[in-house]
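Residue numbers (the numbering used here): 25 to 223. Glycine included, each C-beta is placed from N, C-alpha and C at the ideal position.
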């Protein structure tokens with residue numbers, strides 16, 4: 025039977041540092057999805073995930089088994105994401121600029137699969153932008169729920185709110201996202217219809 029997160033951290037605290045790698049394996053993918061959604065930059069998200077594990081390992085002795093290990097780790101990730109987001113906002117010149125000619129040439133060379141990938145990336149960017157327009161508590165709750173796969177109880181603990189507060193944040197966030205998407209669809213309606221008619 026695999027060790028629980030709390031058992032792993034307890035053993036790491038006692039000096040069995042190799043076991044920490046199991047936490048990295050368990051959480052890397054979900055952390056990366058949440059961080060990428062929050063930051064909108066895969067490389068920055070990868071850095072934050074790595075920093076999360078480094079920070080957790082460095083602070084391993086501060087972990088108290090009164091709290092779920094997963095909550096402790098998610099809290100570190102969210103705090104580092106917020107810090108990185110604020111840094112990026114204060115340095116807008118660091119954002120990547122896409123060369124349109126290179127992008128167009130790449131699409132022609134790679135064919136339909138590249139176009140499909142580009143469309144998926146654009147939809148992901150749109151979702152990230154829409155999440156960024158929400159109040160941070162709602163956006164974080166949605167990211168944790170849908171990108172991180174957390175239960176409401178885990179969201180409540182990771183974001184320092186009540187269980188009903190976590191549920192309310194997710195529900196209200198989903199309602200606002202839905203309204204925003206409907207507004208975008210109504211604005212794109214005439215364009216989308218004319219695009220469909222074109223062979």
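Around the CB of residue 62, 16 or more other CB atoms lie within 10 Å, so the residue is classed as buried. DSSP places residue 87 in the coil class of the three-state scheme, outside both helix and strand. Taking C-alpha positions only, residue 160 is separated from residue 174 by approximately 17 Å. With contact defined as three or more Cβ pairs closer than 8 Å, the stretch 98 to 105 and the stretch 67 to 85 are in contact. Excluding the 5 residues flanking it on each side, residue 176 has same chain C-beta neighbours closer than 8 Å at 169, 187, 190, 191 and 194, in chain order. Of all alpha-carbon atoms in 197, 26 and 67, the one lying nearest the alpha-carbon of residue 49 is that of 26. Annotation for residue 148: no residue places its beta carbon closer than 7 Å to its own, counting only its chain and skipping 5 residues before and after. Between the alpha carbons of residue 172 and residue 166 lies a gap of roughly 9 Å. At the C-beta level, residue 33 and residue 87 come within 9 Å of one another. Residue state for residue 95 is assigned as helix, using DSSP reduced to three classes. When secondary structure is reduced to three states using DSSP, residue 40 falls in the coil class, being assigned neither helix nor strand.
Spanning the alpha carbons of residue 178 and residue 206 requires a straight line of approximately 30 Å. In terms of CA proximity to residue 76, 95 leads the group 91, 95 and 64. Here residue 162 is buried: its Cβ has 16 or more other Cβ atoms, across all protein chains shown, within 10 Å. Residue 47 counts as buried, since no fewer than 16 other beta carbons sit within 10 angstroms of its beta carbon.
Cβ-Cβ separation between residue 44 and residue 81: approximately 6 Å, consistent with a contact (criterion under 8 Å).
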